[in-house]
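A.B. asks: Please read through the structure below; I'll follow up with questions.
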Amino acid sequence: MTKMHQPLSRISRRSLLKAGGALVVSIGMPIAFDTVLRIGEAFAQGARPPLTPEQLSSYIAINADGTISAFLGKTDMGQGLFVAIGQMVAEELDVPFKAVTVIMGDTASSVNQGGASGSTGIQRGGRQLRMAAAEARRVLVEMAAARLGLPADALTVTDGVVHAKADASKKSSYAELIGGRYFNVELNWNKEYDNALYAPGKAQPKDWREHKIVGQPIAREDIAPKVYAQQDFCTDIKRPGMMHGRMIRPAVAGSVPVKIDESSIRDIPGTRVVWEKGFLGVVADKEWDAIKAAQKLKVEWSEAKPPFPDQTALYDHIRSAAVRKREVGGKETGNVDEAFKTAARVIEAEYEWPFQSHASMGPASAVVEIKDGQATLWTGSQKPHYARDGIAAMLHMPVDNVRAIWVPGPGSYGRNDAGDAAMDAAVLAKAAGRPVRVQYTRAQATGWDPKGPASIHRARAAIDASGNVVAYEFTSKGFSRLDVFSREGKPPDTLAGQLMGVAIRSGDAFRVPEESYEFANKRLAWETIAPLLGRASPLRTSHLRDPVGPQVHFASESFMDEVAAALGLDPIEFRLRHVKAGRDVAVIKAAAEKAGWRARPSPRKDQTGNTVSGRGIAYAQRSGTRVAIVAEVDIDRASGKIWARKFTVAHDCGQIINPDGLTHTIEGNIVQGTSRTLWEEVKFDANNVTSVDWMTYPILDIAESPETIDLVLINHPEVLPSGAGEPSTRPVAAAIANAIFDATGVRIRRVPFSPDRVKQALS
Amino acid sequence: MARIDLDVNGKLHTIDVDADMPLLYALRNELSLNNPHFGCGLAQCGACTVHVDGQAVRSCMTPVSAVGNSKVVTLAGLGTPEKPHPVQKAFVEEQVPQCGYCLNGWIMTAAAFLERTKKPSDAQIREALSGLKCRCGTHMGILRAVKRAATMMG
Numbered sequence: 012m013t014k015m016h017q018p019l020s021r022i023s024r025r026s027l028l029k030a031g032g033a034l035v036v037s038i039g040m041p042i043a044f045d046t047v048l049r050i051g052e053a054f055a056q057g058a059r060p061p062l063t064p065e066q067l068s069s070y071i072a073i074n075a076d077g078t079i080s081a082f083l084g085k086t087d088m089g090q091g092l093f094v095a096i097g098q099m100v101a102e103e104l105d106v107p108f109k110a111v112t113v114i115m116g117d118t119a120s121s122v123n124q125g126g127a128s129g130s131t132g133i134q135r136g137g138r139q140l141r142m143a144a145a146e147a148r149r150v151l152v153e154m155a156a157a158r159l160g161l162p163a164d165a166l167t168v169t170d171g172v173v174h175a176k177a178d179a180s181k182k183s184s185y186a187e188l189i190g191g192r193y194f195n196v197e198l199n200w201n202k203e204y205d206n207a208l209y210a211p212g213k214a215q216p217k218d219w220r221e222h223k224i225v226g227q228p229i230a231r232e233d234i235a236p237k238v239y240a241q242q243d244f245c246t247d248i249k250r251p252g253m254m255h256g257r258m259i260r261p262a263v264a265g266s267v268p269v270k271i272d273e274s275s276i277r278d279i280p281g282t283r284v285v286w287e288k289g290f291l292g293v294v295a296d297k298e299w300d301a302i303k304a305a306q307k308l309k310v311e312w313s314e315a316k317p318p319f320p321d322q323t324a325l326y327d328h329i330r331s332a333a334v335r336k337r338e339v340g341g342k343e344t345g346n347v348d349e350a351f352k353t354a355a356r357v358i359e360a361e362y363e364w365p366f367q368s369h370a371s372m373g374p375a376s377a378v379v380e381i382k383d384g385q386a387t388l389w390t391g392s393q394k395p396h397y398a399r400d401g402i403a404a405m406l407h408m409p410v411d412n413v414r415a416i417w418v419p420g421p422g423s424y425g426r427n428d429a430g431d432a433a434m435d436a437a438v439l440a441k442a443a444g445r446p447v448r449v450q451y452t453r454a455q456a457t458g459w460d461p462k463g464p465a466s467i468h469r470a471r472a473a474i475d476a477s478g479n480v481v482a483y484e485f486t487s488k489g490f491s492r493l494d495v496f497s498r499e500g501k502p503p504d505t506l507a508g509q510l511m512g513v514a515i516r517s518g519d520a521f522r523v524p525e526e527s528y529e530f531a532n533k534r535l536a537w538e539t540i541a542p543l544l545g546r547a548s549p550l551r552t553s554h555l556r557d558p559v560g561p562q563v564h565f566a567s568e569s570f571m572d573e574v575a576a577a578l579g580l581d582p583i584e585f586r587l588r589h590v591k592a593g594r595d596v597a598v599i600k601a602a603a604e605k606a607g608w609r610a611r612p613s614p615r616k617d618q619t620g621n622t623v624s625g626r627g628i629a630y631a632q633r634s635g636t637r638v639a640i641v642a643e644v645d646i647d648r649a650s651g652k653i654w655a656r657k658f659t660v661a662h663d664c665g666q667i668i669n670p671d672g673l674t675h676t677i678e679g680n681i682v683q684g685t686s687r688t689l690w691e692e693v694k695f696d697a698n699n700v701t702s703v704d705w706m707t708y709p710i711l712d713i714a715e716s717p718e719t720i721d722l723v724l725i726n727h728p729e730v731l732p733s734g735a736g737e738p739s740t741r742p743v744a745a746a747i748a749n750a751i752f753d754a755t756g757v758r759i760r761r762v763p764f765s766p767d768r769v770k771q772a773l774s
Numbered sequence: 048m049a050r051i052d053l054d055v056n057g058k059l060h061t062i063d064v065d066a067d068m069p070l071l072y073a074l075r076n077e078l079s080l081n082n083p084h085f086g087c088g089l090a091q092c093g094a095c096t097v098h099v100d101g102q103a104v105r106s107c108m109t110p111v112s113a114v115g116n117s118k119v120v121t122l123a124g125l126g127t128p129e130k131p132h133p134v135q136k137a138f139v140e141e142q143v144p145q146c147g148y149c150l151n152g153w154i155m156t157a158a159a160f161l162e163r164t165k166k167p168s169d170a171q172i173r174e175a176l177s178g179l180k181c182r183c184g185t186h187m188g189i190l191r192a193v194k195r196a197a198t199m200m201g
């Protein structure tokens, strides 16, 4: 049985449960039969309670055969979240891991827990499922107590069977107690949705010392179906009568179609143009015909002023652009401005990070079917609940008449192009009057997805006469990370909405470094500027894995290295003087020890020849998780090519639910982080984004993979788990930059470290 | 439109399509074989890779009419859970993919490579797989799995 079923429909879920629907009557019960019935009725019912956050049935159901369905309003993007959730649920319910099936991302079976978001799958989603499972166990034990005529505290549970501690023959299984019926139990919901949703019951979860399933390296069962081509992805969804859609985007960003010559595609059978204001697509019975029609359709576009500056002037633009919003993160410590006035020496540096693309493995696709007043969306969007809300708004339908079904997509690291494809499919399906599958092209995926923002980062440190850091100031300035909201739900946040003229707004958000450096005077701040093009921009920004975390910590952790070097200190020694949080210190020490770090200042000066090597450290926190990375790199001075040969990663995310999943997750983050550091930069000219494929948006090739990624997984079972989906991507760029400096004495302050740039910096 | 015979995963099919349509769309739509994926349509990523007479070929840029009598094998035809190809077995054992969308490229390319290269060095494996794309960054797992498969294939 795969642990990650295609989500069940509301109806099929009911029929699944119905199999053992009658009340179970036991014989020889020592208490009055009607008492048992009353307790049974209090806790269980045949019809499903409303799918609302305060219902236990919205998270946990015991099927007729005693297996468990766990309903998660989050989605797994391939890091094995559902395995970890299954472990947490099985642990609390005292059932074998194999008994639990986690059903994710179907708006008909789960409440809105925020979808994939901010590495909170376990941290928030898991916490809620853990509390729900603990409550389910408590209720089941109470039901059994009534049936067996024993006090609840005389009972325990083994493999889904409640029995007397003293006599295992006095027992009642979960299947007997409630199998096939729904819990009718209310939880104490905090009235929040999304990541903040929390609805505990009366039960406390187990003490970590009792954990048997949590902490085990259980394998993912969705891998074999993928490897044997037995599992459909979003792109594979087919519906009866379905048409194929393709979108048409302008050559000059901001221009809109003003004239369409439909006769230009008349010779292609079964095609139709869908044109509404700026929205332009084609649908066809056959996919190949849709592709041909999209290429062949004659379109006259409005004159649009080229919206973008010369790319070489991008960082100057950011420097000089008006600040739209400024925010100081946390509280300023001391008086930074005064401290700089009295400094004996000031160290300053500025860093730059480009726009980056999700460039998901496959361009987004989506299918929408509208039938009998109901709309159904199949989407790879990591936030299907919000995609449902958005489509309901766009189609002017009640939310309850729209269902979104998440189906594994071609990779997702935030708000990629999936949300736009979902909305495009809805508009096309409505116009066509038939189900439509829209499939983006590679140029649309890389060229038109929401981007990670470009930014500059200024850091300065005030040093007193004895060489102590007395003040530190760090300020980021860049495009907001939320030109379109990451929830991808509302029409203004999608290309379709923007092209059809809905009012838009660009939100202001960035972030400051997350660390525990203590200085007498310290200020961390960010400033945002307006987007280059307000409407339907291929450079609109949104969340890309660890939103602006790599940017900010590339700069802040490079700068700490610069200060250490300026003071003639070993980079780790310098950090340990100022980093104060105990778990932060522990990851730094663990990475250093595992990497065999020997204290000395950077740069090393003992290398001649073309290939030189260096080592660098960087560390960061992220929402409770701490990561320290030692990178060891080789640099070919002649070509400027960097090989990030070895990484040593110390990772502390509190309690580890599944070390195997965690290992794979961190490895992926390190490789993707290396890719973003060494290669990734969205190119554009005055008219449009020119990064439109893998040649113009290169990523790390497998031949450039590290030789080794060594991990130190620090487990704190006594600490609630925090996230692991993104934190280890955060310090990668700085670790590499610091290693390059160690090897060469040259500080590279602009990402990516492409061969040309490195060669230039070294010359 | 042209009538074209295709030998796919050991079965003969006759389809009526544009001769210049890429093989990928014939496999996915006419034959309902979902496993080769559309990744770029430019032969730059490998998500659409199939075997044509044992060679790893990017089906997104191979005109369906160019296949002729050649035998096409897709990921679904390479092996099954009951009779896995060693590369598939190794990918499961090493728990390689995250999203898994790119798998056709890696598995089909590695299978063809290991068929003609026994006991490859690490450098040869990297070289053979170079150019394929994985966006989730599962590179380390892929290298481990292909090495494991190489051992199995002796």
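Heads up: the sequence lines are chains A and B, in that order. If you count by the numbering used here, then the first sequence holds residues 12 to 774, one letter each, in order. If you count by the numbering used here, then the second sequence holds residues 48 to 201, one letter each, in order. No residue lacks a Cβ here, since even glycine has one placed at the ideal position from N, Cα and C.
Identify, in the order they occur along the chain, each residue of the same chain with its Cβ nearer than 7 Å to the Cβ of A/A30, setting aside the five sequence neighbours on each side.
C.D. replies: For A/A30, the predicted model reports a pLDDT of 34, less than 50, meaning its position is unreliable; a value from the coordinates is still stated below. Contacts found: A75 and G191.
A.B. asks: Which whole-angstrom value is the C-beta distance of A/N412 and A/G373, which I expect to be below 8 Å?
C.D. replies: Actually they do not touch by this definition, with Cβ atoms about 30 Å apart.
A.B. asks: Let me see if you follow: with CB-CB separation under 8 Å, is B/H60 close to chain A or not?
C.D. replies: Chain A, which has no Cβ nearer than 8 Å to the Cβ of B/H60, makes this no.
A.B. asks: Quick one: using the 10 Å Cβ neighbour count with 16 as the cut-off for buried, is A/E103 buried or exposed?
C.D. replies: In this structure A/E103 is buried. Its beta-carbon is surrounded by 16 or more other beta-carbon atoms within 10 angstroms.
A.B. asks: Which residue's Cα is closest to the Cα of A/H772: A/N680, A/D647 and A/P742?
C.D. replies: Note that residue 772 of chain A corresponds to Ala in the displayed sequence, not to His. For A/A772, the nearest C-alpha among the options comes from A/D647.
A.B. asks: DSSP has A/S376 in a bridge; who is on the other side?
C.D. replies: Its beta-bridge partners are A/Q450.
A.B. asks: Are there 16 or more other CB atoms within 10 angstroms of the CB of A/G39, so buried, or fewer, so exposed?
C.D. replies: Residue placement at A/G39 cannot be trusted, given a pLDDT of 34 that sits under 50; the coordinates are not used to answer.
A.B. asks: Is DSSP giving A/D475 helix, strand or coil here?
C.D. replies: coil
A.B. asks: Straight-line CA distance for A/R426 to A/P461?
C.D. replies: The C-alpha of A/P461 is placed about 7 Å away from the C-alpha of A/R426.
A.B. asks: A/P549: buried (16+ other C-beta within 10 angstroms of its C-beta) or exposed?
C.D. replies: buried
A.B. asks: Quick one: Cα of A/E529 to Cα of A/V480, how far?
C.D. replies: 10 Å
A.B. asks: Any heavy atom of the ligand COA closer than 7 Å to the CB of A/E298?
C.D. replies: As for the ligand COA, it is missing from this structure, which has no ligand bound.
A.B. asks: Compute the Euclidean distance between the alpha carbons of A/D321 and A/P365, then round it to the nearest angstrom.
C.D. replies: The straight-line gap from Cα to Cα measures roughly 13 Å.
A.B. asks: For A/E298 and chain B, any beta-carbon pair shorter than 8 Å?
C.D. replies: yes
A.B. asks: Is the CB-CB distance between B/C149 and B/K130 below 8 Å?
C.D. replies: no
A.B. asks: Taking only runs that begin and end inside the stretch 65-124 of chain B, name each unbroken alpha helix (DSSP H) of 4 or more residues, in chain order.
C.D. replies: none
A.B. asks: Relative to the alpha-carbon of A/E359, which residue among A/K217, A/A577 and A/D428 has its alpha-carbon at the smallest distance?
C.D. replies: A/A577
A.B. asks: Exposed or buried, B/A197, counting other C-beta atoms within 10 Å across all chains shown (16 or more means buried)?
C.D. replies: buried
A.B. asks: Kindly say whether B/P128, judged by its beta-carbon, lies nearer than 8 Å to any beta-carbon of chain A.
C.D. replies: yes
A.B. asks: Using 8 Å as the Cβ pair cut-off and three pairs as the minimum, do the stretch 628-635 of chain A and the stretch 738-755 of chain A touch?
C.D. replies: yes
A.B. asks: Are the CB atoms of B/S112 and B/A66 nearer to each other than 8 Å?
C.D. replies: yes
A.B. asks: Name the one or two DSSP bridge partners that A/Y193 has.
C.D. replies: Paired residues: A/Q56.
A.B. asks: Where do the N-terminal and C-terminal ends of the alpha helix (DSSP H) with A/T740 fall, by residue?
C.D. replies: Premise fails: A/T740 is in no alpha helix (DSSP H) and is neither H nor E.
A.B. asks: Would you call A/S23 buried or exposed, if buried means 16 or more other Cβ atoms sit within 10 Å of its Cβ?
C.D. replies: With a pLDDT of 39 at A/S23, under the threshold of 50, the modelled position of that residue is not reliable, and no figure is offered here.
A.B. asks: Measure from the C-beta of B/V139 to each C-beta in chain A and report whether the shortest distance is under 8 Å.
C.D. replies: yes
A.B. asks: Taking 8 Å as the CB-CB cut-off, is A/L34 touching chain B?
C.D. replies: In this predicted model, A/L34 has a pLDDT of only 32, less than 50, meaning its place in the structure is not dependable; the value taken from the coordinates is given anyway. No, A/L34 does not count as interfacial toward chain B.
A.B. asks: How would you call A/G579, buried or exposed, if buried means at least 16 neighbouring beta carbons within 10 angstroms?
C.D. replies: exposed
A.B. asks: How about the stretch 402-409 of chain A and the stretch 346-354 of chain A: do they share at least three Cβ pairs that are nearer than 8 Å?
C.D. replies: Look at the beta carbons and you see the stretch 402-409 of chain A not touching the stretch 346-354 of chain A: under three pairs across the two are nearer than 8 Å.
A.B. asks: Using the Cα positions of B/N151 and A/A714, report the straight-line distance between them to the nearest angstrom.
C.D. replies: Taking the straight line joining both Cα atoms gives about 18 Å.
A.B. asks: Just checking: is the beta-carbon of B/P133 within a distance shorter than 8 Å of some beta-carbon in chain A?
C.D. replies: no
A.B. asks: Which same chain residues, not among the five before or five after A/P107, have their C-beta less than 7 Å away from its C-beta?
C.D. replies: A101 and D170
A.B. asks: Who pairs with A/D8 in a beta bridge, going by DSSP?
C.D. replies: Here chain A comprises residues numbered 12 to 774, so residue 8 of chain A is not present and cannot be evaluated.
A.B. asks: Tell me which residues share the same chain as A/A264 and place their Cβ nearer than 7 Å to its Cβ, disregarding the 5 neighbours each side in the sequence.
C.D. replies: P318, L544, S548, P549, N698 and N699
A.B. asks: Check the DSSP bridge columns for A/T246 and list the partner residues they point to.
C.D. replies: In the DSSP output, where bridge partners are listed per residue, A/T246 has none listed.
A.B. asks: Taking DSSP as the reference, what is the three-state secondary structure of A/F570?
C.D. replies: helix
A.B. asks: Using CA atoms only, rank isn't needed, just tell me which of A/S376, A/P395 and A/G518 is closest to A/Q450.
C.D. replies: Selected option, being the one with the closest Cα: A/S376.
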